[in-house]
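What follows is a short report on a single structure.
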Amino acid sequence: MGQNPVRLLLPSQQANLITLLTTYVLSALAVGCASAPPPPAPPDESALSAAGFKVVVAKTPQQQEHLRNLTPGQLTAMERNGTPFFVYPDMAKNQIYVGTQKEYQVYRRLRPDAGPSPQDKLNAQHAADMASYLKQDAAMQKANTRDLSDPYYFWPSFFELAW
Numbered sequence: 069m070g071q072n073p074v075r076l077l078l079p080s081q082q083a084n085l086i087t088l089l090t091t092y093v094l095s096a097l098a099v100g101c102a103s104a105p106p107p108p109a110p111p112d113e114s115a116l117s118a119a120g121f122k123v124v125v126a127k128t129p130q131q132q133e134h135l136r137n138l139t140p141g142q143l144t145a146m147e148r149n150g151t152p153f154f155v156y157p158d159m160a161k162n163q164i165y166v167g168t169q170k171e172y173q174v175y176r177r178l179r180p181d182a183g184p185s186p187q188d189k190l191n192a193q194h195a196a197d198m199a200s201y202l203k204q205d206a207a208m209q210k211a212n213t214r215d216l217s218d219p220y221y222f223w224p225s226f227f228e229l230a231w
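Next up, the structure:
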């Protein structure tokens, strides 16, 4: 009664199944072995202080919750009342480093190896969005050209109607 399901397959189907499984395992191995570029070094707190960032201790439960929601080990760009700020959470000391654009520029001069700035990341995202938009725009232009040249393209030809 309990037959092996692989034995029910034909030999050619068994070979295809083995080939498929081998391909799957090799592709999973290749993806797993691919290495990502190393992340930029986390900000140096002494460099942040030297650049003029202010230390704000999280005292209230709301401030502590906000501190936990920030990305650890990374400067984050924020805006409050129309003014851009840069914050770095220090979870161990229950505090954040806060600086304006001026302090951030000083920090970038002190630590040029700090990786891409939040503005650089924003510019890269904008460029990717525009490339996607232009790609869609080109596809739409092609579809519009097709529609204008033959407004009834979606109808079958009269010969396919088999009257």
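In the numbering used here, the protein residues as written are 69 to 231.
By construction, the Cβ of each residue, glycine as well, lies at the ideal position given by its N, Cα and C atoms.
A quick note: this is a predicted structure, and the numbers were derived from the prediction, not measured.
Between Leu190, Gln131 and Phe121, which has its C-alpha nearest Val174's C-alpha?
Phe121
Please report the distance separating the alpha-carbon of Ser114 from that of Tyr165.
11 Å
Pro126, buried or exposed, once every other Cβ within 10 Å from all chains shown has been counted against 16
Checking the sequence shown, residue 126 turns out to be Ala, not Pro. Counting Cβ neighbours within 10 Å, Ala126 comes out buried, since at least 16 surround it.
Rounded to whole angstroms, how far is the Cβ of Leu135 from the Cβ of Asn162, which I believe are closer than 8 Å?
7 Å
Would you list the residues sitting across from Ile164 in a DSSP beta bridge?
Val124 and Pro157
Hey, quick one: how far does the beta strand (DSSP E) through Ala145 stretch, first residue to last?
Thr144 to Arg148
If you drop the 5 nearest sequence neighbours on each side, which residues of the same chain put their C-beta closer than 8 Å to that of Met146?
Pro152, Phe153, Phe154 and Val155
C-alpha gap between Val123 and Met208, whole angstroms:
51 Å
Proximity winner among Arg177, Ser217 and Ser117, relative to Asp158 (alpha-carbon distances)
Ser117
Taking the alpha helix (DSSP H) that Pro129 falls in, what are its first and last residues?
Pro129 to Asn137
Tell me the residue span of the alpha helix (DSSP H) that contains Arg176.
Gln169 to Leu178
Under a Cβ-count criterion, where at least 16 other Cβ atoms within 10 Å of its own Cβ denotes burial, should Pro129 be classed as buried or exposed?
exposed
Nearest-angstrom Cα distance between Arg179 and Asp112?
8 Å
Any heavy atom of the ligand SAM closer than 8 Å to the beta-carbon of Ala160?
Among the components modelled here there is no ligand, and therefore nothing to report on the ligand SAM.
Tell me the rounded alpha-carbon separation between Leu216 and Ala206.
15 Å
Start and end residues, alpha helix (DSSP H) containing Ala115:
Glu113 to Ala118
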